[in-house]
Amino acid sequence: MASTKLINRGPSLADSVSDSIRIEITNGTYAIGDKLPTEKTLADTYGVSRPIVREAINSLKRDGLVVTRQGLGAFVSETREQNFRFTSFDVNDALDIRNVIELLMAVEAAATARAAERRTEEDIKKIESRFNAMQTAIDLGQSGVDEDMEFHRAIVEAARNPYFRDMSDFLDANVRNFIRKARENTARLKSGLVQEVQGEHRIILEAIVSGDAQAARKAAEAHLIGAAKRLALYIKP
């Protein structure tokens, strides 16, 4: 019987499992071309469910470390090219959050500036629509997390740069918990902060509508600094 390995009960069990397998691939425990143990064996080994194992394997696939073959299982990739990823990103760790916010500032501020320069009337309508949907969610007492994501996604699309879009998709998938936590903190501290966030969004929107790239960049940076403050983490631009 396989021994059970203790893994961290952090934000994601799947991340813990994938990190453990990743280490074993890196140190040669699993060589290039080797077949990984079955889902059941891995589930027993790490003391998790099979869906958690599947999620971990999918993460390794996205990182280019493993490939799956129909009816055969998962194998260590021959190329072993690792894609860009966050390593053990912890939404409860102040340093991790600081680093992610700095990355967001670099990407989102630039994308927002480009959106102000390149937006069309159709883009403006879409961004305004997403802003209004966010306000509606807030008025209904909801967090507005999904609407927030859609608002920023519309801005990135208006930048007319596929690489901004791809990076935004990556960040969207990896920092949703951070944004959710910021929203929850905002709602818990006092309701006025929710409208403060919307005020930041409105300034971004107005800068894009007016076509002022510099103002749009500054507004995006101010918005992320505001998010840091709402998490009791202070960052200078």
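One point on numbering: in full-length UniProt numbering, the residue at position 133 of the sequence shown is 133, and numbering is uninterrupted.
C-beta atoms are modelled at their ideal positions from N, C-alpha and C, and glycine is treated no differently.
In the structure shown, residue 74 adopts extended strand secondary structure according to DSSP, grouped into three states. Residue 223 is a Cβ neighbour of residue 200, given a cutoff of 7 Å. Going by beta carbons, residue 14 and residue 78 fall outside the 7 Å limit. If you look at residue 136, you'll find it in the alpha helix (DSSP H) that goes 121-139. In its chain, beyond the 5 residues on either side, 156, 159, 164 have a beta carbon closer than 6 Å to the beta carbon of residue 111. Residue 16 sits buried, since 16 or more C-beta atoms from the chains shown fall within 10 Å of its C-beta.
Taking 8 Å as the upper bound for CB-CB distance, residue 227 and residue 101 are in contact here, some 7 Å apart.
In this structure, the straight-line span from the alpha carbon of residue 216 to that of residue 114 is close to 9 Å.
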